[in-house]
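*Asks:*
Protein chains: 2
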Amino acid sequence: MARATKPESRERVRDAERSRELILDAAEHLFAEHGYEETSLSDVGKRAGVSRATPGYFFGSKAELHRAVLERCFADVRRAVREGKARALASGQTPDVILAGAVADYSDFVAARPNFVRLIEREALSDRTVLEGMPLRLAVWQEALAAFRQELGLDISDTSEAAHLLLSLVALTWFPIVHGGTFLKAVGLDPQAPDFAEQRRRHITTLLLGALRERAGNTSTWS
Amino acid sequence: MARATKPESRERVRDAERSRELILDAAEHLFAEHGYEETSLSDVGKRAGVSRATPGYFFGSKAELHRAVLERCFADVRRAVREGKARALASGQTPDVILAGAVADYSDFVAARPNFVRLIEREALSDRTVLEGMPLRLAVWQEALAAFRQELGLDISDTSEAAHLLLSLVALTWFPIVHGGTFLKAVGLDPQAPDFAEQRRRHITTLLLGALRERAGNTSTWS
DNA sequence: GTTAACTTGCTGGCTGACAAGCAAGTTTCT
DNA sequence: AGAAACTTGCTTGTCAGCCAGCAAGTTAAC
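Taken in sequence, the protein lines are chains A and B.
For the first sequence, my numbering gives the first residue as 2, with consecutive numbering after it.
For the second sequence, my numbering gives the first residue as 2, with consecutive numbering after it.
Here is the structure:
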């Protein structure tokens, strides 16, 4: 089983692990880009460079492949959340600075992985119930919320304050990914423009910082 | 066949206009709820109380029906935008108050018509090009942007400021509609709770007002 | 160290389900 | 009677899942 007994032989060896990954990559791209229903296992096979039937062979069914893609996606998100949290806590900065850093971190993350946003967005819109039976996804958001609270020094008394703040961060960050070609263009914003990302990041930071300062008789002044 | 030979004719009268509306209503619901691909013309016919082929008879094709649904949807949005603009300008209030009112108005609108949000969101995610050939949708957003700018007294110098503000309003307002059952639940927010809508509205208002005041050396103080 | 028995990776053909669109009805209205 | 408003039947196409098979490897027997 342990892969790679490859002494010479640089040719195409049969490699289940590699095939699985190729299929997952292909499926992630196609599911994110065109949606679950619009993607056939044939398409996945073609893009992965394997045959029509191979995705089914490895993952049992289309639904199972889909679940595997989502699972891997949430695992990546969790990793990013943990890295961000570690960085924020290690910095020892004020909540203001930490919040600004979180905005930048998360903006970068979704910009680097737009497929994740699209995948989750599609899933939320669909009436599929895959997400229900996925404890990982629940854990990820709860972990993010806890980290957010801790980083910003929000006590537990006002329980929903941090949730609303996180919700807003996510909403503001995701929107341009999904509606970049439609809404943004319509109101004269070009998400491809070199300064758009920076401009947007600034705007989001302004919004959230205002709310954070307003929240309590905060002593820190910034500006 | 089923037809129930009506002697008196309390029965289904033939009314093309009414049938069209019933079909549009059914299609809007199904497209929004389950998506375009997952909805068959049979489903639409069944929900509209007509036969399998009637949607095709009136609209020519599934794609045309879809386009008709979207067109009607944007027409409704435009009506709402115009009403909101008229109300705002008639009020003669300060930008702060007007912005708060716009948040309330728009929150109510999307809460009352979650299907519109889902339809547009699905359309943005899909790789269909229907929206391209729909001047109405472009006009609606541009009209909304112009109204926003005028209401808030944002001059034309900083052209993207109003766009970012509107973008944020839309992003913040739409998100709970789409992710109410997934993300919101995960972070402990219940979009069905009686006070959620109000709480959310307040939060959004706080965010946007902060940004509006920050934008310029604004003289108005509020709080 | 060759070969035979067996496993794993992967493929193409087949089938049953379902959907879109058309064509040829049938019913109702005027 | 004729057109408009529907409906039923049919054709064609697509796709998921199953199956039988083959080829590349692996283990074991000799």
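Heads up, the beta-carbon is just placed ideally off N, CA and C, and yes, glycines get one too.
1. Decide if B/ILE121 is buried, meaning its Cβ has at least 16 other Cβ atoms within 10 Å, or exposed.
2. Do the CB positions of B/GLU162 and B/LEU170 come within less than 9 Å of each other?
3. Cα separation between B/ARG53 and B/VAL141?
4. Mind checking if B/ILE205 is an interface residue toward chain A, Cβ cutoff 9 Å exclusive?
5. Would you say A/ARG80 reaches chain B, if we count a Cβ-Cβ gap shorter than 9 Å as a contact?
6. Going by Cα to Cα distance, which pick from A/GLN151, A/THR207 and A/PRO136 is closest to A/GLU72?
7. Residues in its own chain within less than 6 Å of B/ARG119 by CB, not counting five upstream and five downstream?
8. Could you check what DSSP says for B/SER92 in three-state terms: helix, strand or coil?
9. Given a cut-off of 9 Å, decide if B/ILE99 and B/THR225 are closer than it, judged by their beta-carbon atoms.
10. Could you check whether the Cβ of A/ASN219 sits closer than 9 Å to any Cβ belonging to chain B?
11. State yes or no: is the beta carbon of A/ALA27 nearer than 9 Å to at least one beta carbon in chain B?
12. Looking only at its chain, what residues have a beta carbon closer than 6 Å to the beta carbon of A/LYS86, apart from the 5 residues adjacent to it on each side?
13. Residues in the segment 17-43 of chain B with C-beta within 8 Å of chain A's C-beta atoms, listed in sequence order?
14. Residues of chain A with CB under 9 Å from B/ASP128, in chain order?
15. Counting beta carbon pairs with one atom in the segment 103-117 of chain A and one in the segment 200-216 of chain A, are three or more of them shorter than 8 Å?
16. Given a threshold of 16 other Cβ atoms within 10 Å of its Cβ, counted over all protein chains shown, does A/GLU152 qualify as buried or as exposed?
17. What residues in the segment 172-184 of chain B bring their beta carbon closer than 8 Å to a beta carbon of chain A?
18. Could you spell out where the alpha helix (DSSP H) holding A/ASP44 opens and where it closes?
19. Near B/ALA28, which residues of its chain fall below 6 Å by C-beta distance, leaving aside the five closest residues on each side in sequence?
20. For A/ASP77 and B/PHE59, what's the separation of their Cα atoms in angstroms?
21. Please list, in chain order, all residues of the same chain as B/ARG123 whose beta carbon is under 8 Å from its beta carbon, the five residues on each side excluded.
22. Can you tell me the Cβ-Cβ gap for A/LEU210 and A/ASP97, rounded? I've got them flagged as a contact below 8 Å.
23. Can a CB atom of chain A be found closer than 9 Å to the CB of B/GLU215?
24. Might you give, ordered along the chain, the residues of its own chain that have their beta carbon closer than 6 Å to the beta carbon of B/GLU75, omitting 5 neighbours on each side?
25. Can you give me the Cβ contacts of B/ALA112 inside the same chain, cut-off strictly under 7 Å, excluding the 5 residues immediately before and after it?
26. Give me the Cα-Cα distance between B/VAL172 and B/ALA164, rounded to the nearest whole angstrom.
27. Should B/THR206 and B/ALA101 be called a contact, given that it needs their Cβ atoms to be closer than 9 Å?
28. Closer than 9 Å by beta-carbon distance: list the chain A residues that pair up with B/VAL98, in chain order.
29. Alpha carbon to alpha carbon, how far is B/GLN1 from B/GLU215?
30. Below 7 Å CB to CB, which residues in the same chain sit around B/SER43 once its five sequence neighbours on both sides are set aside?
31. Note down, in chain order, every chain B residue with its Cβ under 9 Å from the Cβ of A/GLY143.
32. Quick one: grab the DSSP three-state call for A/ASP226.
33. Taking B/ALA125 as the query, report the chain A residues whose CB atoms sit under 8 Å from its CB, ordered along the chain.
34. Just the C-alpha distance for A/GLU84 and A/VAL179, rounded to the nearest angstrom, thanks.
35. Can you name the start and end residues of the alpha helix (DSSP H) that B/PHE197 belongs to?
*Replies:* According to the structure data:
1. Position 120 of the second sequence holds residue 121 of chain B. Classification for B/ILE121: buried.
2. Taking the first residue of the second sequence as 1, we reach residue 162 of chain B at position 161. Taking the first residue of the second sequence as 1, we reach residue 170 of chain B at position 169. No, the Cβ-Cβ distance between B/GLU162 and B/LEU170 is not below 9 Å.
3. As a position in the second sequence, residue 53 of chain B is number 52, starting the count at 1. As a position in the second sequence, residue 141 of chain B is number 140, starting the count at 1. Between B/ARG53 and B/VAL141, the C-alpha separation is close to 34 Å.
4. Position 204 of the second sequence, counted from the start, is the residue given in the question as residue 205 of chain B. Closer than 9 Å: yes.
5. The sequence position of residue 80 of chain A within the first sequence is 79, counting from 1. So, not an interface residue.
6. Walking along the first sequence from the start, residue 72 of chain A turns up at place 71. Checking every option, the nearest Cα to that of A/GLU72 belongs to A/PRO136.
7. On the second sequence, residue 119 of chain B is found 118 positions in, with the first residue counted as 1. Cβ neighbours of B/ARG119 beyond the five flanking positions: ALA33.
8. For the purposes of this step, residue 92 of chain B is taken as the residue at position 91 of the second sequence. The answer is helix: DSSP assigns B/SER92 an H, G or I state.
9. Residue 225 of chain B lies beyond the residue range present for chain B, which begins at 2 and ends at 224; the question has no answer from this structure.
10. Working through the first sequence from its first residue, we reach residue 219 of chain A at position 218. Residue confidence for A/ASN219 is low, a pLDDT of 45 falling below 50, so the modelled location carries little weight; the figure read from the coordinates is stated next. No, because no Cβ of chain B sits closer than 9 Å to the Cβ of A/ASN219.
11. On the first sequence, residue 27 of chain A is found 26 positions in, with the first residue counted as 1. Taking Cβ atoms only, chain B never reaches closer than 9 Å to A/ALA27, which makes this a no.
12. As a working mapping, residue 86 of chain A is identified with position 85 in the first sequence. Excluding sequence neighbours, A/LYS86 sits near ALA148.
13. GLU34, HIS35, GLY36, GLU38 and GLU39
14. Here residue 128 of chain B refers to the residue found at position 127 of the second sequence. Those are GLU34, HIS35, GLY36 and GLU39, listed as they occur along chain A.
15. yes
16. In the first sequence, the residue the question calls residue 152 of chain A occupies position 151. A/GLU152 is buried by the Cβ-count criterion.
17. ALA172, LEU173, TRP175, PHE176, PRO177, VAL179, HIS180, GLY182, THR183 and PHE184
18. As a first step, residue 44 of chain A must be located in the first sequence, where it is residue number 43. That run of the alpha helix (DSSP H) goes 42-49.
19. If you number the second sequence from 1, residue 28 of chain B lands on position 27. Correct list, in chain order: VAL45, LEU66 and VAL70.
20. As a first step, residue 77 of chain A must be located in the first sequence, where it is residue number 76. As a first step, residue 59 of chain B must be located in the second sequence, where it is residue number 58. Straight-line Cα distance between these residues: approximately 48 Å.
21. Within the second sequence, residue 123 of chain B is the residue found at index 122, counting from 1. The answer, listed in chain order, is PHE32, ALA33, GLY36 and TYR37.
22. Sequence index remark: in the first sequence, residue 210 of chain A carries index 209 (1-based). Sequence index remark: in the first sequence, residue 97 of chain A carries index 96 (1-based). Confirmed, about 6 Å.
23. Counting from one through the second sequence, the residue named residue 215 of chain B turns up at place 214. Yes, because at least one Cβ of chain A sits closer than 9 Å to the Cβ of B/GLU215.
24. Along the second sequence, one-based indexing puts residue 75 of chain B at 74. It is Phe, not Glu, that sits at residue 75 of chain B in the sequence shown. The residues are LEU137, ARG138 and VAL141.
25. As a first step, residue 112 of chain B is located in the second sequence; it is residue number 111 there, counting from the start. ALA198, listed in sequence order.
26. Locating residue 172 of chain B in the second sequence gives position 171, counting from the first residue. Locating residue 164 of chain B in the second sequence gives position 163, counting from the first residue. A small correction: the amino acid at residue 172 of chain B is Ala; Val does not occupy that position in the sequence shown. Straight-line Cα distance between these residues: approximately 12 Å.
27. Taking the first residue of the second sequence as 1, we reach residue 206 of chain B at position 205. Taking the first residue of the second sequence as 1, we reach residue 101 of chain B at position 100. Yes; because the gap between Cβ atoms is below 9 Å, this pair is in contact.
28. In the second sequence, counting from the first residue as 1, residue 98 of chain B sits at position 97. Residues of chain A passing the Cβ test: none, with the nearest at roughly 17 Å.
29. Past the boundaries of the shown model lies residue 1 of chain B; chain B is included only from 2 to 224, so the question cannot be answered.
30. Within the second sequence, numbered from 1, the residue matching residue 43 of chain B stands at position 42. Contacts found: ARG53.
31. Position 142 of the first sequence, counted from the first residue, corresponds to residue 143 of chain A. This sequence places Gln at residue 143 of chain A; Gly is not what is there. Result: ALA187, VAL188 and GLY189.
32. Outside the shown range of chain A, which is 2 to 224, sits residue 226 of chain A, and nothing can be said about it.
33. The count along the second sequence starts at 1 and reaches residue 125 of chain B at position 124. Within chain A, the residues near B/ALA125 are VAL179, HIS180, GLY182, THR183 and PHE184.
34. Within the first sequence, the letter at position 83 stands for residue 84 of chain A. Within the first sequence, the letter at position 178 stands for residue 179 of chain A. The straight-line gap from Cα to Cα measures roughly 25 Å.
35. For this step, residue 197 of chain B is matched to residue 196 along the second sequence. Residues 197-216.
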